[in-house]
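K.L.:
In full-length UniProt numbering, the protein residues as written are 1 to 180.
This is the structure we're talking about:
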């Protein structure tokens with residue numbers, strides 16, 4: 001695989017890591033914005049309807065701290081379904097500004113990039129998406145068969161152990177510059 005390749009396009013992955021079961025939920029987005037975060041929130045509410053509370057922790061990107069997102073969370077938390085205990089309470093627990101390196105999912109992204117993208121020569125975006133979907137499916141299956149909470153060593157291909165620590169920078173320095 002040539003070190004430098006002509007880009008064949010770009011894609012954005014919106015994903016969430018459920019820390020107690022180490023499961024990734026993901027979909028592909030056309031842009032990074034509040035609408036995509038609300039879409040992920042709704043997906044998580046459908047996926048985990050029996051939980052008492054869903055905690056959402058993420059960095060201080062504008063689409064994570066928008067007024068529209070907070071209003072949506074308030075609406076969700078004030079529905080009759082929520083008040084009767086038939087849906088989870090949503091609590092936002094943002095990371096400090098400029099602290100995306102504390103976000104445990106960054107290790108998963110870095111591991112996926114190292115395993116799937118950095119050593120690739122995909123002929124199309126669809127081929128790359130197929131590989132990413134397979135990676136996350138295999139990763140989720142591994143942790144369903146061998147339960148382990150996220151926070152120590154997540155997958156084995158991450159840049160470093162994924163755990164909360166002031167000195168732990170799990171984000172791959174090349175992650176932002178990935179071409180497919």
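We treat Cβ as the ideally placed atom computed from N, Cα and C, and that holds for glycine.
Looking at residue 90: is its Cβ nearer than 9 Å to the Cβ of residue 76?
P.N.:
In the chain shown, the residue the question calls residue 90 occupies position 90. In the chain shown, the residue the question calls residue 76 occupies position 76. Yes, the Cβ-Cβ distance between residue 90 and residue 76 is below 9 Å.
K.L.:
Using only CA atoms, which one of 57, 114, 48 and 39 lies nearest to residue 97?
P.N.:
Numbered from 1 along the chain shown, position 97 holds the residue referred to as residue 97. Answer by Cα proximity: 57.
K.L.:
Measure the alpha-carbon distance for residue 36 versus residue 49 and round it to whole angstroms.
P.N.:
As a first step, residue 36 is located in the chain shown; it is residue number 36 there, counting from the start. As a first step, residue 49 is located in the chain shown; it is residue number 49 there, counting from the start. Cα-Cα distance, rounded: 20 Å.
K.L.:
Can you tell me whether residue 104 is helix, strand or coil according to DSSP?
P.N.:
For the purposes of this step, residue 104 is identified with residue 104 of the chain shown, where counting begins at 1. Residue 104: coil per DSSP, three-state reduction.
K.L.:
Going by DSSP, what residue range makes up the alpha helix (DSSP H) through residue 69?
P.N.:
Counting from one through the chain shown, the residue named residue 69 turns up at place 69. Here the alpha helix (DSSP H) through residue 69 covers 67 to 77.
K.L.:
DSSP on residue 62, reduced to helix/strand/coil?
P.N.:
Numbered from 1 along the chain shown, position 62 holds the residue referred to as residue 62. Reduced to three states, the DSSP call for residue 62 is helix.
K.L.:
Hey, could you find the ends of the beta strand (DSSP E) residue 117 is sitting in?
P.N.:
For the purposes of this step, residue 117 is identified with residue 117 of the chain shown, where counting begins at 1. Here residue 117 belongs to no beta strand (DSSP E), and DSSP marks it neither H nor E.
K.L.:
Less than 9 Å separating the beta-carbons of residue 61 and residue 44?
P.N.:
Along the chain shown, read from residue 1 onward, the residue named residue 61 stands at position 61. Along the chain shown, read from residue 1 onward, the residue named residue 44 stands at position 44. In this structure, residue 44 does not lie closer than 9 Å to residue 61 by Cβ.
K.L.:
What number of angstroms, rounded off, separates the C-alpha of residue 111 from the C-alpha of residue 46?
P.N.:
Position 111 of the chain shown, counted from the first residue, corresponds to residue 111. Position 46 of the chain shown, counted from the first residue, corresponds to residue 46. Residue 111 and residue 46: Cα-Cα distance of roughly 27 Å.
K.L.:
For residue 153, which three-state DSSP category applies?
P.N.:
Your numbering for residue 153 matches position 153 in the chain shown. Unreliable positioning characterises residue 153 in this predicted model, as indicated by a pLDDT of 49, which lies under 50. The coordinate reading is nonetheless provided below. Reduced to three states, the DSSP call for residue 153 is coil.
K.L.:
From 74, 134 and 83, pick the residue whose C-alpha is nearest to that of residue 92; which is it?
P.N.:
Within the chain shown, the letter at position 92 stands for residue 92. Comparing Cα positions, the closest option is 74.
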